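Following: one structure in structure tokens, then a few remarks.
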Amino acid sequence: MWRLYLLLVASQPLWAQTEVPVSAVAPQNCSLECVRQGRPECEYCRVTGDDIKKKVGLISNHGCIPWPCLELLGDEDPSICEHYVQAPDNVKVEFVHEPNPKTDTVIVSWKPSHYGIAFLRGFQVSVQALGGTAVACQLLLFSRNVSLSATHAQTFYKSDPFPGLSLGSQYAVTVMALPVPEQWDKFYQSFYFSTRSCAEKSGLEQCKQDWYPQHIEVQQDGSVVIVTFNLAPPIMGIRRYFCLCRGDGKVKYTDIILDSLESKTHHSFQLSDLHEGTNYTCEIAAKEVDAVRKRFKISIQKAETLPSTPPSLAVVLAVCLPVVAVFGVLLAALMCWRSKVYRKKLDANPEIDTFYEEKDALKEPVGLSGNRTTPPRLLICYSGYDGAAHVKAVMQLGAFIQQHMATRVCLDLWDYLNIAEEGIMAWYCRQIRESDFVLVICSPGLRQRYDPDVTHDDSVDLMSNACSCKAIVQLIGEEVGRAKARGEDMSKYMAAVFKYCKETDIPTELRLATHYTLPRDLPLLFSHLHGVALHRPGSYLKINSITEEGYTSVPMGAALQLAIQEAGMALNGKQQQMEELSYNRVDA
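Using this note's numbering, you'd call the opening residue of the sequence shown number 1 and step up by one each time.
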């Protein structure tokens, strides 16, 4: 059976806890043909995806789903793939030297379990970024003639390096024992490890852009503001800082230069020429490329002016009492007149009471439906043909809906292990059955046909749903057509396009479903998911964080906007390349 062992480090960095043993067995670089023939120089080998495709004919764009055992080792002796093998033990992760200061490299090691070790044929190791699409896999096989004994259960085996891991990020590492039979139960647990920060990897002096002031004190004297902040450690050698303040439509930039770094932990500077009655948002940072900025706010209060020589009480009373008396008489007459006019209007227009009721109703909160005890479950389907930028936009949309629209989102990019267990089509069928709503993100790639001859990078699985997206759209189209013919509710199924796509990208099968253009129609999508009306007599529902103008005010919305812009530019560039290629063919 395929078994999985994942490693969790929650309280402290993994590199400080574990080290790959020096005596661990490292994989050799050899071919699948050498493993099949059982040559002595191929005792423990790493087999690449290109070699598998060349020798076996299996494409490598299906991610880290386990390879069929008999396809790898040959079907001359089927018994070698029919036995139970337990999950590895003592999984460890070690950080190794990486010359690139912006990334990390790890090596994974483990011990094989002594249960079923005589039938062990190899391992599959994968490292996946949490919340991302990048998955790096390594397939490690023993020679066909190798049969391990119980003593080998004390031997550590290790993988090749996994390079290019982002600093300060979380990853899941998976080690599977081969072979796997046809029947299996729940075979995994989800655990995580974190890569080192820039300072932990390269030293504080090499990470100037990651430092920022943590303690800021603001003192105000009229329109003059004194700001005090803590300086960077002297070892970093930072002598220049800057402060940027925005308010009243203007930007004020202050350059801060230190004369010396000795015996100073804090520095004070003055902000002048700030306007009274204005709120400013300021940022302070080291004057380094891509430095992290610390944000703080300043509110300039209006100065209160007092009369220089106050008049005597007798003079004030002599002047003010007659004025107050005359003013009181006029005010009483005016109120009496307005009361009569108001009564006449009230008799002439009985609907005025309704108007004020509606005016007050505008301030009433509109709550979500109380019939649902759990958030609605939304399945998002999409096509991976339009490239990594489009897939990233879909992923950011799912994250935004889940965080700011009170909805539980199901996305294949977030459930690799269940897909590996069930299969892509079975997973989608179960999700369609269990979800309250299904949203299909339509794009030009949704109309393309799957081409098995197109190869992609083994480390990034962007085409895992390529062969299934067309079938899923057809399945959803059949459900919509069946519901339409029976007069049933079709609100479960929706189609949407990003603003860089066209409505003609919506397949014919989904024309009967509700259509949205994102992010413009985010409020309509919220109304659809929760069954609430955006407008009713005298009131309307407005959530600033999901409107077209305000969704970018939250970090997740800003990330969604950036992802949509990048996807639009990538798609336009791809279409231009196709047009140029078409013109070149015509000219030829």
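The C-beta atom is built at its ideal place from N, Cα and C for all residues, glycine as well. A quick note: this is a predicted structure, and the numbers were derived from the prediction, not measured.
Item: Every unbroken beta strand (DSSP E) within the stretch 387–450, with a cutoff of 3 residues, ordered by chain; Value: 408–410 and 437–442
Item: Best match in R295, F400 and Y500 for proximity to D386 [C-alpha to C-alpha]; Value: Y500
Item: Under the three-state DSSP convention, the category A483 falls into; Value: helix
Item: Exposure of M494, with buried meaning 16 or more beta-carbon neighbours within 10 Å; Value: buried
Item: Whole-number beta carbon distance between Y171 and Y192, since they are thought to touch under 8 Å; Value: 7 Å
Item: Where F119 falls: helix, strand or coil (DSSP); Value: helix
Item: Boundaries (first-last residue) of the alpha helix (DSSP H) holding H528; Value: L522 to H530
Item: As assigned by DSSP and simplified to three states, the class of E283; Value: strand
Item: Simplified DSSP state of D221, which is helix, strand or coil; Value: strand
Item: Sub-8 Å separation of G38 and R121 beta-carbons; Value: no
Item: Cβ pair count under 8 Å reaching 3, the stretch 427–434 against the stretch 545–564; Value: no
Item: Per-residue DSSP class, three states only, for E288; Value: coil
Item: For L571, three-class secondary structure by DSSP; Value: helix
Item: Straight-line gap, S545 to L334 (C-alpha atoms, nearest Å); Value: 46 Å
Item: One or two residues paired with F142 in a DSSP bridge; Value: Y44
Item: Cα-Cα separation between S383 and E276, rounded to whole angstroms; Value: 54 Å
Item: T151 in three-state terms, based on DSSP; Value: helix
Item: Burial state of Y253, where buried means 16 or more other Cβ atoms lie within 10 Å; Value: exposed
Item: Given I257 as reference, the closest of A426, K250 and R240 once Cα atoms are compared; Value: R240
Item: Three-state secondary structure assigned by DSSP to S194; Value: strand
Item: Which of helix, strand or coil DSSP assigns to I235; Value: helix
Item: Buried or exposed by the 16-neighbour rule on C-beta atoms within 10 Å, applied to E478; Value: exposed
Item: Alpha-carbon spacing of V251 relative to N279, whole angstroms; Value: 12 Å
Item: Buried/exposed call for R295, threshold 16 Cβ in 10 Å; Value: exposed
Item: E94 versus S126: straight-line alpha-carbon distance, rounded; Value: 15 Å
Item: Chain-order list of residues whose beta-carbon lies under 8 Å from that of A393 (same chain, five-residue window excluded); Value: F498, L560, A563, I564, E566 and A567
Item: Delimiting residues of the beta strand (DSSP E) encompassing R36; Value: Run containing R36: none in the beta strand (DSSP E); it sits in the alpha helix (DSSP H), L32 to Q37.
Item: Beta-ladder partner(s) of R295, from DSSP; Value: E283
Item: Nonlocal neighbours in the same chain, by C-beta distance under 6 Å from Q396, ignoring five residues either side; Value: A559, L560 and A563
Item: One or two residues paired with S126 in a DSSP bridge; Value: C137 and T174
Item: Inter-residue spacing [alpha-carbon to alpha-carbon] between S169 and H266; Value: 31 Å
Item: The stretch 318–327 in contact with the stretch 232–248 per 3-pair CB rule at 8 Å; Value: no
Item: Cα-Cα separation, M490 to V440; Value: 14 Å
Item: N-terminal and C-terminal residue of the beta strand (DSSP E) that M494 is part of; Value: Y493 to F498
Item: Sequence-distant residues of its chain with Cβ nearer than 6 Å to G445 (five each side left out); Value: S383, Y385 and D386
Item: Span of the beta strand (DSSP E), counted from its first residue to its last, around C242; Value: Looking at the sequence itself, residue 242 is Phe, so the reference to Cys does not match. Unbroken beta strand (DSSP E) run through F242: R240 to G247.
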